[in-house]
Amino acid sequence: MIESEMSMNKIVIHGGRPLTGNVTVSGAKNSIVALMPASILADEPVVLEGIPEISDVYSLINILQIMGAKIYFAKGVLTIDPRGVKSIPIPSGKINSLRASYYFMGALLGKFGKAEVGLPGGCNLGPRPIDLHIKGFEALGASVSDDKGVMYLRIRATNLVASRIFMDMVSVGATINIMLAAVKAKGTTVIENAAREPEIIDVATLLNNMGAKVYGAGTNEIRIEGVSKLHGTRHSIIPDRIEAGTYLAIAAAVGEGVTVENVLYEHLESYISKLEEMGVQMTIREDSITVHSNQNLKKVNVKTYPYPGFATDLQQPITPLLLKSCGQGELIDTIYECRIGHVPELKRMGANIRVKDNRIIMDSTSELVGAEVVASDLRAGASLVIAALIAKGVTTIYNVEFILRGYDRIIEKLTNLGADIALVDTESSCKEKAKIEEGR
Ligand code: EPZ
Numbered sequence: 144m145i146e147s148e149m150s151m152n153k154i155v156i157h158g159g160r161p162l163t164g165n166v167t168v169s170g171a172k173n174s175i176v177a178l179m180p181a182s183i184l185a186d187e188p189v190v191l192e193g194i195p196e197i198s199d200v201y202s203l204i205n206i207l208q209i210m211g212a213k214i215y216f217a218k219g220v221l222t223i224d225p226r227g228v229k230s231i232p233i234p235s236g237k238i239n240s241l242r243a244s245y246y247f248m249g250a251l252l253g254k255f256g257k258a259e260v261g262l263p264g265g266c267n268l269g270p271r272p273i274d275l276h277i278k279g280f281e282a283l284g285a286s287v288s289d290d291k292g293v294m295y296l297r298i299r300a301t302n303l304v305a306s307r308i309f310m311d312m313v314s315v316g317a318t319i320n321i322m323l324a325a326v327k328a329k330g331t332t333v334i335e336n337a338a339r340e341p342e343i344i345d346v347a348t349l350l351n352n353m354g355a356k357v358y359g360a361g362t363n364e365i366r367i368e369g370v371s372k373l374h375g376t377r378h379s380i381i382p383d384r385i386e387a388g389t390y391l392a393i394a395a396a397v398g399e400g401v402t403v404e405n406v407l408y409e410h411l412e413s414y415i416s417k418l419e420e421m422g423v424q425m426t427i428r429e430d431s432i433t434v435h436s437n438q439n440l441k442k443v444n445v446k447t448y449p450y451p452g453f454a455t456d457l458q459q460p461i462t463p464l465l466l467k468s469c470g471q472g473e474l475i476d477t478i479y480e481c482r483i484g485h486v487p488e489l490k491r492m493g494a495n496i497r498v499k500d501n502r503i504i505m506d507s508t509s510e511l512v513g514a515e516v517v518a519s520d521l522r523a524g525a526s527l528v529i530a531a532l533i534a535k536g537v538t539t540i541y542n543v544e545f546i547l548r549g550y551d552r553i554i555e556k557l558t559n560l561g562a563d564i565a566l567v568d569t570e571s572s573c574k575e576k577a578k579i580e581e582g583r
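Numbered per the working numbering, the sequence shown spans residues 144 to 583.
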């Protein structure tokens with residue numbers, strides 16, 4: 144990654160310091176990015192509470208305002224008044240960095256019977272097709288065409304008719320998108336081999352509070368009885384289980400008594416069981432977990448699976464803990480084989496880590512040292528933050544925009560735990576430097 148391609152912000156961390164205290168988990172990124180498009184299905188304002196101040200939320204606010212929604216967002220409470228929303232083309236330029244904007248396809252199709260949305264962007268996790276989304280829309284009676292060159296998907300349905308849809312692969316996004324398109328389709332739609340993530344339950348809860356009839360969310364079979372109208376409602380979002388898992392990894396790696404608050408144990412059972420297998424000592428309460436300081440953790444292997452298995456989004460954050468603790472072990476990501484953007488950067492920090500046949504292998508404990516590293520995606524960025532907190536010396540992380548997309552107030556939260564961390568706007572710092580040099 145050459146300098147000019149890097150964004151102008153960077154995170155600087157002086158590592159090797161023990162962290163203590165309490166950190167509160169924010170609302171779930173992978174829920175809010177679906178709840179916001181879902182809100183346009185209502186004919187009245189929808190109020191969402193506990194909303195994280197992450198850049199993905201602001202990107203979606205921008206898109207909703209362009210579509211004609213009225214938005215009010217303060218102190219974590221987001222009000223979306225969809226009464227002025229029109230089904231206008233959403234250019235890929237507006238959504239490129241935000242894969243989850245594909246939820247506007249299902250929401251606009253469900254509300255207006257038509258959608259024109261630029262193909263989604265998102266993290267560099269390898270090919271991320273949306274063929275299962277399209278299969279679902281077509282099963283409901285929609286026609287889907289993508290105009291070559293403009294990267295648009297044009298989706299049209301004179302009327303949406305219920306269908307039984309078997310998902311060839313378990314897909315969070317496709318399950319949610321089909322739910323959004325089906326809530327007002329005539330008849331009862333059945334999604335078989337549905338994804339079971341907690342965020343899917345959260346979206347179904349919002350839809351049902353708006354007057355929809357969605358049954359079985361969280362199981363592998365979801366039934367949706369179409370209704371004609373959806374009204375406004377107020378909804379509190381679930382906590383972000385991936386943010387929680389990230390702070391549990393930080394607590395296990397460099398904590399001396401860190402309590403993670405606003406975390407639901409049942410959302411992280413497979414992850415917590417892996418930490419316990421390593422020997423991490425924890426006190427687990429109804430909505431908080433205290434991680435006690437740890438010595439001599441054990442080697443473990445990790446394999447990611449759809450929920451309730453070990454989350455793919457947590458394989459990158461747990462890696463520095465494995466490197467520091469027991470050193471040996473391997474990770475296999477069965478969801479995204481290419482989710483290895485953090486590996487070369489961790490090697491730059493002295494990690495004994497390599498990739499062989501889609502397996503991430505650690506051969507021995509690593510003494511991590513500070514370095515200049517680049518975040519390639521959201522969770523790779525989180526992995527680098529954790530490695531930097533462990534490492535001796537100073538680490539500079541570039542492309543921090545990825546991290547700020549999914550971790551609400553991460554600088555403030557880690558500073559409150561005692562970390563020496565700062566977000567530096569290299570552009571202004573360059574200008575500052577220039578002023579000093581010119582003596583202005
Ligand atoms: C969601 O992405 C999450 N993003 C991802 O979190 C998460 O890693 C992923 O689910 C898996 O849990 C949001 O919720 C916004 P999928 P999504 O459809 O819905 C393949 C993060 O870091 N597939 O469940 O895009 C796909 O390529 C992000 O917060 C198809 O082949 O993931 C992948 O291999 C990263 N065709 C697998 O299915 C399709 O039409 C699972 O993808 C759709 C998916």
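Beta carbons: idealized from backbone N, C-alpha and C, even for Gly.
Buried or exposed: where does K153 fall if 16 or more other Cβ atoms within 10 Å of its Cβ makes it buried?
Stepping through the sequence shown from its first residue, residue 153 is reached at position 10. By the neighbour-count rule (16 or more Cβ atoms within 10 Å), K153 is buried.
Taking 6 Å as the line, does the beta carbon of S314 fall inside it for any heavy atom of ligand 1?
Working through the sequence shown from its first residue, we reach residue 314 at position 171. Correct: S314 has its Cβ closer than 6 Å to ligand 1.
Answer yes or no: do V403 and L411 have a C-beta to C-beta separation smaller than 7 Å?
Counting from one through the sequence shown, the residue named residue 403 turns up at place 260. Counting from one through the sequence shown, the residue named residue 411 turns up at place 268. No, the pair does not count as a contact, with Cβ atoms beyond the cut-off.
What's the call for F309, buried or exposed, on a 16-neighbour Cβ count within 10 Å?
Here residue 309 is taken as the residue at index 166 of the sequence shown, counted from 1. Exposed is the call here.
Between R428, A396 and R502, which lies nearest to I533 when the distance is taken from Cα to Cα?
On the sequence shown, position 390 is the one that residue 533 refers to. Nearest of R428, A396 and R502 to I533, Cα basis: A396.
Can you determine whether any heavy atom of ligand 1 sits closer than 6 Å to the C-beta of A243, and answer yes or no?
Working through the sequence shown from its first residue, we reach residue 243 at position 100. For ligand 1, at least one heavy atom lies less than 6 Å from the Cβ of A243.
Kindly indicate which three-state DSSP category S436 falls into: helix, strand or coil?
As a first step, residue 436 must be located in the sequence shown, where it is residue number 293. Coil, per DSSP.
Measuring alpha carbon to alpha carbon, tell me which of I427, T426, D500 and E510 ends up nearest L465.
As a first step, residue 465 must be located in the sequence shown, where it is residue number 322. Taking only the C-alpha atoms, the option nearest L465 is E510.
For Y358, which residues of its own chain have a beta-carbon under 6 Å away from its beta-carbon, when the five flanking residues on both sides are left out?
By 1-based counting over the sequence shown, the position of residue 358 is 215. The residues are R366.
Near L521, which residues of its chain fall below 6 Å by C-beta distance, leaving aside the five closest residues on each side in sequence?
Here residue 521 refers to the residue found at position 378 of the sequence shown. Counting only Cβ-Cβ distances below 6 Å, and skipping sequence neighbours, we find C266, F545, R548 and G549.
By how many angstroms is the C-alpha of D551 removed from the C-alpha of G398?
What you label residue 398 is simply residue 255 of the sequence shown in a count that begins at 1. What you label residue 551 is simply residue 408 of the sequence shown in a count that begins at 1. If you take the alpha carbons of G398 and D551, they lie about 20 Å apart.
Whether or not the stretch 339-357 and the stretch 183-200 are in contact is what I'm after, with contact meaning three or more pairs of Cβ atoms, one per stretch, closer than 8 Å; do they touch?
Short answer: they touch.
Quick check on DSSP: helix, strand or coil for I579?
Residue mapping note: residue 579 aligns to position 436 of the sequence shown, counting from 1. Since pLDDT at I579 reaches only 45, below the 50 mark, its modelled position is unreliable, and the value read off the structure follows with that caveat. Helix at I579.
Leaving out the 5 sequence neighbours to the left and right, which residues in its chain are closer than 6 Å to A565 when beta-carbon positions are compared?
As a position in the sequence shown, residue 565 is number 422, starting the count at 1. Excluding positions up to five away in sequence, the list reads V155.
Since K213 is in the beta strand (DSSP E), which residue starts that stretch and which ends it?
Taking the first residue of the sequence shown as 1, we reach residue 213 at position 70. Element bounds for K213: K213 to A217.
Shorter than 6 Å, the distance from the beta carbon of N173 to the closest heavy atom of ligand 1, or not?
Within the sequence shown, the letter at position 30 stands for residue 173. Yes, ligand 1 has a heavy atom inside 6 Å of this Cβ.
Just verifying my parser: in three-state terms, what is the DSSP assignment at G485?
Reading the sequence shown from its first residue, position 342 is the one you call residue 485. Looking at the sequence shown, residue 485 is not Gly but His. In this structure, H485 counts as coil in the three-state DSSP scheme.
Judging by CA-CA distance, which residue of S416, V443, V406 and E419 is the nearest neighbour of D430?
Here residue 430 corresponds to residue number 287 of the sequence shown, with the count starting at 1. Nearest option by C-alpha distance: V406.
Express the C-alpha separation of G158 and N336 in angstroms, rounding to a whole number.
Within the sequence shown, numbered from 1, the residue matching residue 336 stands at position 193. Within the sequence shown, numbered from 1, the residue matching residue 158 stands at position 15. Approximately 44 Å between the Cα atoms of the pair.
Let me know the secondary structure DSSP gives S379 once reduced to three states.
Locating residue 379 in the sequence shown gives position 236, where the first residue counts as 1. Three-state DSSP puts S379 in a strand.
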